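Here is the structure we will look at.
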Amino acid sequence: MPIVQVRNVSKTFYRDRGPGVRAVNDVSFSIEEGETLALIGESGSGKSTVGRLMLRLIEADDGEIVFDGHDVRRRSPEELRRLRATMQVVFQEPYESLNPRMSIGAIVGEPLEIHERGLSGRQRAARVAEMLDEVGLDPALAGRRPGALSGGQQQRVGIARALITRPRFIVLDEPTSSLDLSVQGQILRLLQDLQKRLKLTYLYISHDLSTVSYIAHRVAVMYLGQIREIGSVDDVVNRPQDPYTRALLNAFLSPDPTVRTRDTYRLSGEIPSPTQVQRGCFLYSRCPSRIEPCASTPADLRQLDPGHEVRCIRAPLSQPLVTVNPELRTFGGPPRPTQKQQA
Amino acid sequence: MLEVENVTTRFRSRRGVVHAVNGVSFRVGSSEIVGIVGESGCGKSATIRSVLGLIQPPGEIVGGRAVFDGTDLLAIPAGALRRLRGSEIGFVAQNPFGSLNPILSVAAQFHNLIVAHRGRLSRKQTRDMALQALQSVGISGPERVLDGYAHELSGGMAQRVVIGMATVLGPRLLVADEPTTALDMTIQRQILDLLQDLVRKRERSMILVTHDLGVVAQYCDRVVVMYAGKVIETGPTAQVFARPAHPYTQALLGSVPRRGEEIGILAGRVPSLIDYPPGCAFSNRCVHALDRCARIVPASRPVAGEDGWNVSCHLVSGDADPLSREEDVRAHRAG
Amino acid sequence: MSERVLTQPGRRRSSAMPAIVRENAPVVLGLAFIVLFLAASFFAPLPYGPTTPDPLATSQPPSALHWFGTDANGFDVFSRTIAAAQRDIPLALAGTLASLVLGIVFGLLVSTKSRWSERAIRGLDVFQAFPLVIIGTAIVTLTGNRLESVVLAIVLLNVPRFMRLIRSEALALRESRFIEAARALGASPLRILWRHILPNVMGITLAQSSIAAAHSIIVIAALSFLGVGVSPPDPSWGLMIQEGARQMIVGDWWIVVFPGFAVLVTVAAFNLVADGLQAAADASQ
């Protein structure tokens with residue numbers, strides 16, 4: 004039984020003038036308890052909007068978002084507020100997501116003030132200290148302001164704040180993309196540990212294939228507000244069937260110099276404006292594998308194998324188009340240096 | 063082509079002197095792409111800004127040489143360096159929109175640039191040069207781009223225009239500071255391929271500053287790994303990535319997420335660049351650190367038998383005294 | 161080495177302590193000046209009665225007898241300059257404080273992008289278009305000539321300014337990530353206003369209130385000229401300056417310069433307090 008279900012959700016943003024931007028276009032997926040689903044895509048793909056729609060930080064135009072049996076879109080403001088204790092978010096920019104005038108202790112304790120009003124100040128402080136410890140921060144930092152912390156520490160604060168009410172579902176919106184590589188590693192490990200320990204369900208939003216393949220169980224690839232392909236990491240990364248997924252994987256730069264990834268399967272041009280209404284397949288104008296019918300036949304998601312859905316009408320494509328395939332199985336890099344090199 | 067030696071740059075701040083670049087040395091051969099890699103605050107940007115004479119007060123270059131084609135860039139007057147920059151050395155920054163003037167047409171910007179270096183030329187002449195440059199960076203319909211403005215361009219197109227401007231006068235050295243960090247993955251790949259092309263076909267050289275190990279692995283012949291304002295390891299990319307010698311390089315490569323494997327954790331923080339530590343700057347985070355690591359600055363020495371592969375670490379002692387070797391072995395057993 | 165790193169945070173904290181004191185020094189200094197000035201105006205023995213003119217000593221230049229000279233009516237300028245603080249400073253402070261409180265409340269109320277808050281702001285435009293003279297006259301007609309009317313005038317003039325400032329700051333803040341995070345936590349709109357927006361607009365609001373306090377001194381002067389609030393022969397810096405300005409033509413500079421100087425240093429003291437408060441708020445960031 005999935006803990007979150009998104010059914011046919013759409014969202015159009017209107018500006019003061021001009022046509023609306025269809026940021027999310029009939030998106031459906033579900034996430035099982037304890038699972039991580041990654042939403043991957045380039046800027047403008049609508050991946051972050053999906054996360055915000057799920058938490059109802061913005062209102063969807065259409066569709067259903069069911070979390071733990073509740074239709075999120077139909078909750079009253081008060082019910083929604085209560086529901087927020089169980090579904091949380093960690094943002095991309097750790098510093099901007101923390102109120103600069105509040106102490107770390109006040110930031111992490113705020114969800115308790117909102118959702119567990121019975122707690123005394125001392126009980127709250129104890130819970131905060133416990134939580135800080137759990138995310139690997141010294142509880143003595145509770146008196147500091149966010150500005151005094153490093154980026155990695157700030158993100159740990161963001162995670163602590165999200166977890167203190169013991170939620171079951173967390174939207175991770177590019178939680179490591181503004182962090183250095185070594186700090187990113189620490190945060191990813193922390194997220195993974197927490198998931199195992201607290202049975203958390205994650206929606207992991209990212210543009211970075213290597214972190215996605217590290218942390219996710221399943222992946223949904225988004226392009227112009229649509230899911231192009233969804234399936235297990237194995238399916239999507241090792242047997243990609245949609246041209247867009249293939250192009251994205253092909254653009255990946257392996258950190259192993261002995262694996263020469265070549266950008267052989269390339270989309271032409273750049274992402275078109277999402278205001279342009281397209282008949283047929285959204286990828287048509289850029290697709291290297293396009294055929295006549297793609298221009299007019301709407302490409303709908305369809306199941307290829309159990310749990311593996313693809314939008315391209317030509318899938319499964321016989322010829323393996325991703326030349327970097329063997330590399331992508333592990334994503335990466337040279338054999339992990341275990342011992343210091345002996346001179 | 064470029065030989066950077068012992069460049070040291072400091073910044074004055076309210077809290078004290080920031081040791082941003084501390085005796086950085088590396089060389090760039092002709093037709094070579096050299097990657098400078100490191101995490102934020104490691105001094106990679108400050109290093110190339112020092113070399114290009116782009117350091118402004120409160121920053122100050124305290125010492126060192128940067129010999130480009132027989133000229134020490136740090137010794138010549140600012141005007142002469144400015145003339146070299148743009149004509150002999152092309153610079154591509156991270157944010158293309160920061161490099162383009164929003165109120166001038168692309169053609170006008172090309173004109174200003176060319177005239178500044180080549181003297182009086184007609185609009186027609188500079189336009190022809192600009193057209194050629196835009197074609198060489200893979201812009202289709204360069205006429206339309208020339209008459210347009212920066213805000214009409216997408217990020218990828220704008221970066222192509224910037225690269226076109228950086229190469230229009232035929233520089234022999236390109237310096238690119240995180241040229242694709244602001245761009246999407248598929249566009250990043252295109253831009254890097256383009257830069258590589260521009261280097262390989264014209265026998266230029268390039269310095270590519272990046273934090274992305276994938277960019278280094280796929281595009282750089284040699285790599286310079288920086289930490290706390292110092293070069294801690296430099297060598298051919300293939301060798302360094304396959305058998306990283308410095309514990310920091312090892313940790314950095316170990317931080318790359320890989321499916322089904324634990325990520326290596328590098329604990330601790332970069333030391334303060336104001337209270338710069340004596341000894342090895344990495345010693346407080348190094349799992350192999352010996353007693354002397356915190357006291358004595360390790361010299362850069364060649365990794366045994368490898369040409370152009372140097373590392374600054376007490377633990378890697380190609381020809382070190384036997385006593386320290388013994389110490390190393392003991393440290394290893396303990397670790 | 162590792163020891164060095166461990167001791168660093170402690171070292172930083174000990175060096176931060178004097179910084180906080182240093183940042184608060186202007187506040188202490190400014191407040192001390194205002195309190196002293198006020199106390200002097202009430203309790204200090206003045207050489208001459210501030211409301212009793214000496215008809216035999218009119219328009220005297222500064223001397224050992226009359227330190228700041230006398231004006232055309234024979235009032236001692238020094239005594240009046242000190243005594244004027246009795247009315248001017250409390251009125252300015254009361255007006256500013258009331259404006260601050262009301263401005264914050266109403267400013268936060270209209271700090272949404274809703275239609276009615278935009279209408280409210282447009283209403284302010286109309287109101288602010290009226291000149292001070294008209295507002296002053298209107299108030300006197302409505303409330304009679306009392307000191308409270310002066311406070312009311314200061315409030316009416318300053319509240320719209322505070323509202324605008326707070327609204328524009330708050331609207332920008334509402335787009336920020338940490339407000340979105342607070343919404344995601346389930347924080348109520350009131351909590352978001354109180355805990356997240358207000359503390360982040362306080363700095364700039366305090367800076368504005370120092371300007372408002374300084375401006376109030378001038379408003380008090382202008383109103384007494386209209387016959388509202390402080391009325392002659394009670395001393396007020398504004399009145400003294402206006403009367404003195406007329407005597408400048410005949411070269412009697414002292415009548416205008418000394419009360420002018422009093423206004424200057426009082427305004428500077430208000431500014432010190434506000435700047436200090438803002439610096440302290442920024443330092444804690």
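Chains as they are written, first to last, in my numbering: chain A, 4 to 346; chain B, 63 to 397; chain C, 161 to 445.
Cβ atoms here follow ideal geometry from the backbone N, Cα and C, with glycine treated the same way.
If you're wondering where the values come from, they're calculated on a predicted model, not measured in any experiment.
Under the assumption that residue i contacts residue j (Cβ atoms under 8 Å), give the Cβ distance between them as a whole number of angstroms.
i, j, result
"R222 (chain B)", "I201 (chain B)", "6 Å"
"Q187 (chain A)", "T214 (chain A)", "7 Å"
"I295 (chain C)", "A330 (chain C)", "In fact, because the Cβ distance is near 26 Å, the residues do not count as touching under 8 Å."
"M227 (chain B)", "F172 (chain B)", "6 Å"
"F172 (chain A)", "M90 (chain A)", "4 Å"
"T70 (chain B)", "G115 (chain B)", "Not a contact, Cβ separation roughly 15 Å."
"I415 (chain C)", "Q402 (chain C)", "Not a contact, Cβ separation roughly 10 Å."
"I383 (chain C)", "V310 (chain C)", "Per the sequence presented here, residue 383 (chain C) reads as Leu, with Ile not at that position. Contact holds; Cβ gap of about 6 Å."
"I281 (chain C)", "R343 (chain C)", "Their Cβ separation, rounded to whole angstroms, is 24 Å, which puts I281 (chain C) and R343 (chain C) out of contact at 8 Å."
"P204 (chain B)", "L215 (chain B)", "Contact flag wrong, Cβ pair sits at about 12 Å."
"S112 (chain B)", "V83 (chain B)", "6 Å"
"P149 (chain A)", "I107 (chain A)", "7 Å"
"Q118 (chain B)", "D239 (chain B)", "Not really, about 16 Å apart at Cβ, beyond 8 Å."
Per DSSP, which residues does residue i bridge with? Please list them.
i, result
"Q19 (chain A)", "This sequence places Asp at residue 19 (chain A); Gln is not what is there. Partner(s): none; D19 (chain A) has no beta bridge."
"F70 (chain A)", "A:V7, A:H73"
"V90 (chain B)", "B:L64"
"D239 (chain B)", "B:V271"
"P364 (chain B)", "B:N372"
"T300 (chain A)", "Bridge partners of T300 (chain A): none, in fact."
"K292 (chain B)", "B:Y289"
"F153 (chain B)", "B:V237"
"S235 (chain A)", "A:R221"
"K14 (chain A)", "A:V27"
"A41 (chain A)", "A:Y207, A:V222"
"T297 (chain C)", "The partner list for T297 (chain C) (beta bridge, DSSP) is empty, contrary to what the question assumes."
Using 8 Å as the Cβ pair cut-off and three pairs as the minimum, do the segment 260-272 of chain C and the segment 401-419 of chain C touch?
-> no
With 9 Å as the limit, tell me which residues of the segment 241-266 of chain A have their beta carbon closer than that to any beta carbon of chain B; keep them in chain order.
-> A250, L251, N253, A254, F255, L256, S257, P258, D259, P260, T261, V262, R263, T264, D266
Selection of the segment 96-121 of chain A by Cβ proximity to chain B, strictly under 8 Å | none
What are the residues of the segment 216-235 of chain A that lie near chain B, defined by any Cβ-Cβ distance shorter than 7 Å?
-> S216, Y217
What residue ranges within the segment 129-217 of chain A form continuous alpha helix (DSSP H) runs of no fewer than 4 residues, ordered along the chain?
-> 154-166, 184-201
Could you tell me whether the segment 334-342 of chain C touches the segment 90-104 of chain A, using the rule of 3 or more Cβ pairs below 8 Å?
-> yes
With 8 Å as the C-beta to C-beta threshold (strictly closer), list the residues of the segment 327-349 of chain C near chain A in chain order.
-> S336, R337, F338, E340, A341, A342, R343, A344, L345, G346, A347, S348
Please list the residues of the segment 358-382 of chain C that have a C-beta atom closer than 7 Å to any C-beta atom in chain A, keeping them in chain order.
-> P359, N360
If contact means a Cβ-Cβ distance below 8 Å, which residues of the segment 123-151 of chain A contact chain B?
-> none
Quick one: which residues of the segment 36-54 of chain A get their C-beta closer than 8 Å to a C-beta of chain B? List them in chain order.
-> E45, S46
Would you mind listing the alpha helix (DSSP H) stretches within the segment 203-291 of chain C that are 4+ residues and don't spill past its ends, in chain order?
-> 237-269, 275-288
Quick check: the segment 251-265 of chain A against the segment 66-75 of chain A, are there 3 or more CB pairs under 8 Å?
-> no
How do the segment 91-104 of chain B and the segment 254-269 of chain B stand: do at least 3 beta-carbon pairs fall below 8 Å, yes or no?
-> yes
Inter-stretch contact at 8 Å, needing at least 3 Cβ pairs: the segment 295-308 of chain B / the segment 166-179 of chain A | no
Which runs of the alpha helix (DSSP H), 4 residues or longer, sit entirely within the segment 51-117 of chain A?
-> 80-86
Is there contact here, the segment 422-437 of chain C with the segment 185-194 of chain C, by at least three beta-carbon pairs under 8 Å?
-> yes
Near-chain C residues of the segment 284-314 of chain A - C-beta to any C-beta below 8 Å = none
Which whole runs of the alpha helix (DSSP H) in the segment 89-149 of chain B are 4 residues long or more, in chain order?
-> 106-113, 140-149
The segment 232-248 of chain A contacting the segment 48-67 of chain A, beta-carbon criterion three pairs below 8 Å | no
Evaluate contact between the segment 309-323 of chain B and the segment 274-291 of chain B, counting only Cβ atoms and requiring at least three cross-stretch pairs below 8 Å.
-> yes
Sufficient close CB pairs (3 or more, under 8 Å) joining the segment 269-282 of chain B to the segment 358-377 of chain B | no
Contact list for the segment 288-307 of chain B against chain A, Cβ threshold 7 Å = T299, A300, F303, A304, R305, P306, A307
Meets three-Cβ-pair contact criterion under 8 Å: the segment 162-170 of chain B and the segment 130-150 of chain B = no
Minimum length 4: unbroken alpha helix (DSSP H) runs contained in the segment 189-227 of chain B = 204-209
At least three beta-carbon pairs within less than 8 Å, the segment 227-239 of chain A to the segment 300-318 of chain A = yes
Which whole runs of the alpha helix (DSSP H) in the segment 236-285 of chain A are 4 residues long or more, in chain order?
-> 246-253
Proximal residues, the segment 327-348 of chain B versus chain A, C-beta separation under 7 Å = I327, L328, R331
Those runs of the beta strand (DSSP E) which lie wholly inside the segment 343-422 of chain C and span at least 3 residues = none
If we count Cβ pairs, one from each stretch, closer than 8 Å, do we get three or more for the segment 228-237 of chain C versus the segment 200-219 of chain C?
-> yes
At a Cβ cut of 7 Å, what residues of the segment 219-248 of chain B count as close to chain A, listed as they run along the chain?
-> D246, M247, T248
Do three or more CB pairs link the segment 364-372 of chain C to the segment 214-224 of chain C at distances below 8 Å?
-> no
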